[in-house]
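Worksheet for the structure shown next.
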Amino acid sequence: MRIPPIPTSLSSNHLTQSILIPSVRKASTNSTNTDWVTWLKRGASTESGGASGKCLLFAGLGSYPHTPIAPTPSSLRVWDEASEALLSPDATIGYETRGMGDAGLKQVKGWMRGWVEGRSLEELMKRPDVTAAFILSSSIAILASAQEKMGSPSLLPEGTTHLAGHGFIGTLTALVASGRLDLGTGVRLARIYASLPPSPPQTYPRSHLTTVLSARHFHSLSSPSYFVPPPPPPPASEEDDPFPPVTSTESEAESSSTPLKRRRAMQLILDEIHSLQRDWERENEITGSGGTIGPRQEWASAGIINSSKVLVVTGTHHAVLQVIERLQQLNLANPVMDVAMPCPYHTKLMTHAIPKFRDVLERCYFENSKPDGPIVLDPMTTHPITNPSYALLPHLTGQLRWHKTLYRLYSQPIPAVSHFQTVGKGAKGLGIMLRGEIKKRPQGSTPISISELISGDTKEDKERKDRIEGAMRKLNEQRRKSS
Numbered sequence: 001m002r003i004p005p006i007p008t009s010l011s012s013n014h015l016t017q018s019i020l021i022p023s024v025r026k027a028s029t030n031s032t033n034t035d036w037v038t039w040l041k042r043g044a045s046t047e048s049g050g051a052s053g054k055c056l057l058f059a060g061l062g063s064y065p066h067t068p069i070a071p072t073p074s075s076l077r078v079w080d081e082a083s084e085a086l087l088s089p090d091a092t093i094g095y096e097t098r099g100m101g102d103a104g105l106k107q108v109k110g111w112m113r114g115w116v117e118g119r120s121l122e123e124l125m126k127r128p129d130v131t132a133a134f135i136l137s138s139s140i141a142i143l144a145s146a147q148e149k150m151g152s153p154s155l156l157p158e159g160t161t162h163l164a165g166h167g168f169i170g171t172l173t174a175l176v177a178s179g180r181l182d183l184g185t186g187v188r189l190a191r192i193y194a195s196l197p198p199s200p201p202q203t204y205p206r207s208h209l210t211t212v213l214s215a216r217h218f219h220s221l222s223s224p225s226y227f228v229p230p231p232p233p234p235p236a237s238e239e240d241d242p243f244p245p246v247t248s249t250e251s252e253a254e255s256s257s258t259p260l261k262r263r264r265a266m267q268l269i270l271d272e273i274h275s276l277q278r279d280w281e282r283e284n285e286i287t288g289s290g291g292t293i294g295p296r297q298e299w300a301s302a303g304i305i306n307s308s309k310v311l312v313v314t315g316t317h318h319a320v321l322q323v324i325e326r327l328q329q330l331n332l333a334n335p336v337m338d339v340a341m342p343c344p345y346h347t348k349l350m351t352h353a354i355p356k357f358r359d360v361l362e363r364c365y366f367e368n369s370k371p372d373g374p375i376v377l378d379p380m381t382t383h384p385i386t387n388p389s390y391a392l393l394p395h396l397t398g399q400l401r402w403h404k405t406l407y408r409l410y411s412q413p414i415p416a417v418s419h420f421q422t423v424g425k426g427a428k429g430l431g432i433m434l435r436g437e438i439k440k441r442p443q444g445s446t447p448i449s450i451s452e453l454i455s456g457d458t459k460e461d462k463e464r465k466d467r468i469e470g471a472m473r474k475l476n477e478q479r480r481k482s483s
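Following UniProt numbering, the residues of the sequence shown are numbered contiguously, the last one being 483.
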């Protein structure tokens with residue numbers, strides 16, 4: 001076969017036809033547009049097609065429970081089943097009803113629906129076991145009401161492709177909503193989780209503290225504290241995640257290699273916490289505790305990273321105060337609020353509870369995920385949950401990576417998630433955090449909407465509407481009199 005000769009010169013017409021026409025330039029290289037990574041990601045986002053999905057976000061134990069309103073037959077059935085389950089022992093998972101006859105609990109049908117009404121948050125967290133079960137049941141009841149109103153055959157709204165819950169309670173709610181766990185077992189597990197002992201048995205109980213901290217956007221070790229550098233360009237790939245999970249070795253490596261470079265304030269915060277942890281570990285070695293948390297050992301860690309600005313520090317009371325003091329001295333973060341939690345979750349202070357809780361989880365029956373069913377995200381690993389018995393256990397001692405979970409949801413899933421829906425008033429904060437994060441996406445990215453799924457108006461909403469209606473009536477009366 002004869003091979004055609006390769007032309008040694010090209011005419012202007014040939015250049016126009018073979019080069020200029022097929023390759024249409026869509027970006028310039030002027031001084032204000034040299035970020036090729038952003039341009040490539042923008043092109044990928046605008047050119048990718050296909051169906052988009054919806055993700056439901058469920059509240060966790062740290063959320064504020066709201067009194068249910070606007071009941072429907074479906075939601076009342078949920079409350080009846082959940083209330084009965086809490087008052088019924090289950091030998092399969094070792095659930096006992098000890099302690100459920102006090103604290104003013106009304107052992108009547110659907111009693112848990114009125115659990116929040118008339119109680120302050122402080123009073124509710126005196127019984128975190130019941131409050132945890134209430135938060136789970138409330139989300140399922142809202143879904144049931146929406147299903148009844150829409151006439152949908154599924155508990156989940158139409159088009160739902162992903163589910164994600166904050167912490168153990170939120171993830172447990174997602175598993176119940178997806179049909180992989182029955183409601184009765186779900187509320188029992190929620191109560192067991194919130195009833196775990198915060199300290200090892202036969203030891204002096206240590207007081208613990210959970211505090212929400214707010215970080216500065218950016219900080220520079222070589223500049224005054226008021227200097228705020230411009231934000232860096234968006235990441236190029238998953239390896240350049242805007243906030244990857246950080247281990248102590250990674251944190252130390254970044255600290256030693258770039259001590260004077262401007263870095264994210266969150267990374268600096270983690271560096272300081274790891275520095276304090278090394279001090280506590282050295283003290284532990286001196287006391288001869290063998291690497292475990294001794295009776296007088298201090299410990300705290302960044303148990304939850306909610307966003308690039310917000311994290312939750314949990315640990316022994318004095319250790320958390322040390323963290324707050326150190327971060328305030330360095331002008332890196334300020335405390336926002338303390339959260340009343342029954343245990344120092346997401347820290348190694350809960351290592352003692354692993355054997356018992358592992359046994360409980362292994363006794364639970366979880367359905368396998370269906371090929372056409374929704375994907376339940378694990379906020380610990382940020383990947384889909386395959387075996388819930390193993391996936392739920394790290395919620396005792398592992399770091400909750402909520403920030404990275406959201407990042408995966410709005411940047412990488414197939415189908416792409418174009419709509420997020422928070423379930424219940426308690427999950428409203430999750431939507432607020434998400435809005436702040438999606439603003440950082442590259443210009444031209446696929447639009448993402450966020451909405452709330454609630455069951456009717458809250459008491460505050462009704463009072464606001466009544467005030468508006470009253471003001472409108474007065475205004476109309478004045479207009480009639482003046483005319």
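Even glycine gets a Cβ: it sits at the ideal position worked out from N, Cα and C.
Asked	Found
Would you call Q399 buried or exposed, if buried means 16 or more other Cβ atoms sit within 10 Å of its Cβ?	buried
Out of D372, P197, F366, A141, which one is the CA nearest neighbour of F357?	P197
Quick one: Cα of L327 to Cα of I450, how far?	33 Å
Give me, in chain order, the residues of the same chain whose beta-carbon lies closer than 6 Å to that of T211; leave out the 5 immediate sequence neighbours on both sides.	V313, V320, P335, D338
Under three-state DSSP, which class holds K425?	helix
Can you grab the Cα-Cα spacing for the pair R467 / I375, in whole Å?	43 Å
Label Y64 either buried or exposed according to how many other C-beta atoms from any shown protein chain fall within 10 Å of its C-beta, with 16 as the threshold for buried.	exposed
With a CB to CB cut of under 6 Å and the five nearest residues on each side skipped, what residues in its chain are close to T173?	F58, L136, S139, G165
Can you grab the Cα-Cα spacing for the pair R188 / I448, in whole Å?	36 Å
Which class does E117 belong to by DSSP, given the choice of helix, strand or coil?	coil
Looking at the unbroken beta strand (DSSP E) that takes in H162, where does it start and where does it end?	160 to 165
What are the start and end residues of each continuous beta strand (DSSP E) run of 3 or more residues lying completely inside the stretch 123 to 165, in chain order?	160 to 165
If you count every other CB in all the chains shown that lies within 10 Å of the CB of V108, and 16 or more means buried, which is it?	exposed
Ordered along the chain, which non-local residues of its own chain (more than five positions away) have a Cβ less than 8 Å from that of S301?	I273, Q277, V313, T314, G315, H346, T347, K348, Q399
Is A353 closer than 9 Å to C364 when the C-beta atoms are compared?	no
So, helix, strand or coil for R467, using DSSP?	helix
DSSP on N331, reduced to helix/strand/coil?	coil
What did DSSP end up calling V320 once you bin it into helix, strand or coil?	helix
If you count every other CB in all the chains shown that lies within 10 Å of the CB of G118, and 16 or more means buried, which is it?	exposed
Does the distance from the C-beta atom of V417 to that of K126 stay below 9 Å?	no
To the nearest whole angstrom, what separates the beta carbons of residue 523 and V78, a pair I think is in contact under 8 Å?	The displayed coordinates of the chain run from 1 to 483. Any statement about residue 523 would go beyond what the structure contains.
Can you find a CB in chain D that lies within less than 9 Å of the CB of M125?	Structure shown: chain D not included; a single protein chain is present.
Rounded to whole angstroms, what is the Cα-Cα separation between L156 and L209?	36 Å
Would you tell me roughly how many angstroms separate the C-alpha atoms of M350 and S199, rounded to the nearest one?	7 Å
Nearest to E148 by alpha carbon, out of S308, S74, E477?	S74
Under a three-way DSSP split, which group does E437 fall into?	helix
Measuring only the C-alpha atoms, how far is S52 from P415?	5 Å
Please list the terminal residues of the continuous beta strand (DSSP E) segment that includes E452.	449 to 453
With a CB to CB cut of under 7 Å and the five nearest residues on each side skipped, what residues in its chain are close to F134?	P65, M112, W115, V116
Assign Q202 to buried or exposed, taking buried as 16 or more other Cβ atoms, counted over all protein chains shown, within 10 Å of its Cβ.	exposed
What is the residue span of the beta strand (DSSP E) that F357 lies within?	Counting along the chain, F357 falls outside any beta strand (DSSP E), though it belongs to the alpha helix (DSSP H) covering 354 to 363.
In the DSSP output, what is C55 paired with across the bridge?	H162, F420
With a cut-off of 8 Å on the beta carbons, I'd call G60 and G170 a contact; round off their distance for me.	4 Å
When we look at the beta-carbon of S152 and count the other beta-carbons within 10 Å, is it buried (16 or more) or exposed?	exposed
Is Y410 closer than 9 Å to T382 when the C-beta atoms are compared?	no
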